[in-house]
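*Asks:*
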Amino acid sequence: MAGTGKFFVGGNWKCNGTKDSISKLVADLNSAKLEPDVDVVVAPPFVYIDQVKNSLTERIEISAQNSWVGKGGAFTGEISAEQLKDLGCKWVVLGHSERRHIIGENDEFIGKKAAYALSQGLGVIACIGELLEEREAGKTFDVCFQQLKAYADAVPSWENIVIAYEPVWAIGTGKVATPQQAQEVHLAVRDWLKKNVSDEVASKTRIIYGGSVNGGNSAELAKQEDIDGFLVGGASLKGPEFATIVNSVT
Ligand SMILES: O=C(COP(=O)(O)O)NO
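So the sequence shown is numbered by our numbering: it starts at 23 and just counts up by one.
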């Protein structure tokens, strides 16, 4: 299980790729030189996890982009944490804004998903983040803390959790948060963990940023004290640029 590195960079491929394009992306990742102190994870679409698992360097771990809220069974179309473990996944992305605001998952459901995934031995990349209108209304911290509380109310431990702060207004828009904007929320999240969980969890939990990260802006963001890495969307589909981002965090 990744979790030893000081830094963490995930590539969220979302609903993108074909067998051929993913084969090329994996070849690029296999040839990349990656900083040793960065835990690197990629999240293919479910249907390509086996292909990626069987071709990707073991230096990079595999995440799912979602998992069912409980044990598998009569839940048409769902994929269980057990099945993801069976495929060799080490992580699962949960609470992504696209699943909150497009699919309609609520905080409580996401918290339960996180608890179940952890119980099956998966690490959780726990996403939080505010909408533009929530930021403009001065509710960024309220929204992020409410989402954090839903995880905290459900999970037995924070040991295998990475928190991803992804302001919704920065995802896929090219409008990356400024280093100051991101640092302000990351510090608030760390303070929330200190007040509501423990000093140890606050200091050990990696808090990563996502939202229009690319090879040109990652180094500046990574200089911030409480930015411990990234969850990269679009730029993770380009192997060399993803490697640049990984190597920019140390
Ligand atoms: O959703 C994201 C970020 O996507 P982009 O990098 O394309 O903004 N990460 O999970």
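A virtual CB, placed ideally from N, CA and C, is assigned to each residue, including glycine.
Mind checking Phe97: buried by the 16 CB within 10 Å criterion, or exposed?
*Replies:* By the 10 Å Cβ count, Phe97 comes out exposed.
*Asks:* Of all the options Leu109, Asn128 and Gln105, which has the alpha carbon lying nearest to the alpha carbon of Leu116?
*Replies:* The candidate whose alpha carbon is nearest that of Leu116 is Asn128.
*Asks:* Within its chain, find whatever has a CB closer than 8 Å to the CB of Thr227; leave out the 5 residues flanking it on each side and keep chain order.
*Replies:* For Thr227, where only same-chain residues beyond five positions count, the Cβ hits under 8 Å are Trp180, Ile183, Val184, Ile185, Arg212 and Leu215.
*Asks:* Is it buried or exposed, Gly33, if we count other Cβ atoms within 10 angstroms and call 16 or more buried?
*Replies:* Under this definition Gly33 is a buried residue.
*Asks:* Taking only the alpha-carbon atoms, compute the straight-line gap between Ser77 and Ser45 and give it to the nearest angstrom.
*Replies:* Cα-Cα distance, rounded: 8 Å.
*Asks:* Please report the distance separating the alpha-carbon of Leu47 from that of Lys260.
*Replies:* For Leu47 and Lys260, the distance between alpha carbons rounds to 7 Å.
*Asks:* Using a 10 Å radius around the Cβ and a threshold of 16 neighbouring Cβ atoms, would you call Leu106 buried or exposed?
*Replies:* With 16 or more Cβ atoms within 10 Å of its Cβ, Leu106 is classed as buried.
*Asks:* Quick check: does the Cβ of His208 come within less than 7 Å of any heavy atom belonging to ligand 1?
*Replies:* Checking the Cβ of His208 against ligand 1 gives no.
*Asks:* Looking at Gly194 and ligand 1, is the gap between the Cβ and the nearest heavy atom below 7 Å?
*Replies:* At least one heavy atom of ligand 1 is nearer than 7 Å to the Cβ of Gly194, so yes.
*Asks:* Should Ala65 and Ala86 be called a contact, given that it needs their Cβ atoms to be closer than 8 Å?
*Replies:* Their beta carbons are under 8 Å apart, which means Ala65 touches Ala86 by this criterion.
*Asks:* Do you know offhand how far Phe29's Cα is from Ile249's?
*Replies:* Between Phe29 and Ile249, the C-alpha separation is close to 9 Å.
*Asks:* Identify whether Ile147 lies in helix, strand or coil by the three-state DSSP scheme.
*Replies:* Three-state DSSP puts Ile147 in a strand.
*Asks:* Any chance the CB of Val211 is under 7 Å from a heavy atom of ligand 1?
*Replies:* No.
*Asks:* Note down, in chain order, each residue of its chain lying with its Cβ closer than 7 Å to the Cβ of Val207, except the 5 sequence neighbours on either side.
*Replies:* Thr162, Cys166 and Tyr187, listed in sequence order.
*Asks:* Could you compute how far the alpha carbon of Asn278 sits from the alpha carbon of Gly145?
*Replies:* The question about residue 278 has no answer here: the residues shown for the chain are numbered 23 through 272.
*Asks:* Excluding five sequence neighbours on each side, which residues of the same chain lie with their C-beta closer than 7 Å to the C-beta of Ile132?
*Replies:* Counting only Cβ-Cβ distances below 7 Å, and skipping sequence neighbours, we find Leu116, Gly117 and Ala172.
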